[in-house]
Amino acid sequence: MSDDTVVRVEEASVRYGKHLVVDRVSFQVARGSVYALLGRNGAGKSSLIRCLLGLQKPSSGRVMVFDRDVWTHRAALLARTAYVPETCDAPGQLRVRDIAAFFQAMYPTWDKQGVHERLSRFGVSDADTISSLSKGQKALFTLALALGNRPELLVLDDPTLGLDVVARNDFFSDFIGELADRGTSVILTTHDLAGVEGIADRVGILQGSRLALDQDVEPLKVERGQSLEQIFTEVTRSPGRPS
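All residue numbers for the sequence shown refer to the working numbering, where the first residue is 4 and numbers rise by one.
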């Protein structure tokens with residue numbers, strides 16, 4: 004694996020019984036880049052994310068992160084990786100400072116000042132309870148925690164689901180762009196194609212359990228003369244499978 008490659012998925016397949024949900028998918032994520040993994044519901048995105056996090060072993064093929072097999076070395080790799088789910092599931096009665104203190108105790112290199120600055124920037128107080136935060140603030144709080152251990156790889160699973168336009172723009176433009184500029188690699192799944200179009204370097208589109216498209220975003224848009232949303236609609240409506 005090249006020093007410039009953080010993630011390499013090699014012919015990965017996932018089966019649940021007789022049901023094949025991911026079929027020989029391969030792609031790479033370059034260091035410092037933002038890779039958008041897109042697909043309609045049931046296309047296999049969640050299964051691939053679980054494989055990337057070492058929570059599930061591919062039925063065949065392999066998933067490599069930092070030149071190591073994720074399933075075999077998941078404990079060591081988690082120290083360099085952070086994950087943001089689509090919803091914040093922390094107990095509503097807990098205060099922001101209590102949850103932050105819990106995470107700080109887990110990571111010797113915890114960036115306490117950085118977490119505090121990010122939360123303050125979006126109007127989240129240490130004294131706030133989780134239940135008092137808006138959807139947008141919960142999303143940003145979850146991201147701030149994920150960034151606390153200075154991850155080299157950030158995995159985002161539809162993090163702006165249900166957010167209004169302002170909160171979505173804050174999330175994408177102010178944070179994901181900043182991460183890429185610092186050299187943090189990002190993989191995200193999302194239904195928000197308009198939001199991701201301006202920040203994704205490369206896009207993979209799943210269709211019928213296969214990776215139907217895997218290309219750099221800007222050349223792809225120029226080549227087709229379409230927006231990312233139009234390309235996604237065209238690819239996922241195609242009845243055939245990629246060759």
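Ideal Cβ placement from N, Cα and C applies to all residues, glycine included.
Pro245 in three-state terms, based on DSSP = Confidence at Pro245 is low in this model, with a pLDDT of 42, below 50, so its placement is unreliable and no value can be given for it.
Around the Cβ of Ser29, are there at least 16 other Cβ atoms within 10 angstroms (buried) or fewer (exposed)?
-> exposed
Three-state secondary structure (DSSP) of His194 = coil
Which one of Gly117, Ala197, Pro88 and His76 has the shortest CA to CA distance from Asp160?
-> Pro88
Residue ranges of each alpha helix (DSSP H) within the region 147–218, 4 or longer | 168–172, 180–184 and 196–200
What does Ala85 pair with, by DSSP beta-bridge criteria?
-> Leu157
Round the Cβ separation of Ser63 and Glu14 to the nearest angstrom and send it over; I've been treating them as touching at under 8 Å.
-> 7 Å
Spatial distance of Thr84 from Ala142 (CA atoms) | 18 Å
Of the choices Asp70, Asp26, Leu55 and Phe235, whose alpha-carbon is the least far from that of Val9?
-> Asp70
Run through DSSP, which three-state label would Asp101 get?
-> helix
Check whether the region 120–134 touches the region 186–195, counting contact only when three or more Cβ pairs, one atom from each stretch, lie closer than 8 Å.
-> no
Can the beta-carbon of Ser230 be found closer than 8 Å to that of Glu200?
-> yes
Inter-residue CB distance, Phe144 and Val206 (contact presumed, cutoff 8 Å) | Not confirmed; about 28 Å, so no contact.
Taking 8 Å as the cut-off, decide whether the C-beta atoms of Ser176 and Val25 are in contact.
-> no
Could you pull the start and end residues of the beta strand (DSSP E) that Thr236 belongs to?
-> Not the beta strand (DSSP E): Thr236 falls in the alpha helix (DSSP H), residues Leu231 to Arg240.
When you compare only the Cα positions, how much space is there between Leu40 and Gln210?
-> 11 Å
Whole-angstrom Cβ separation of Cys54 and Val73, contact assumed at under 8 Å?
-> 7 Å
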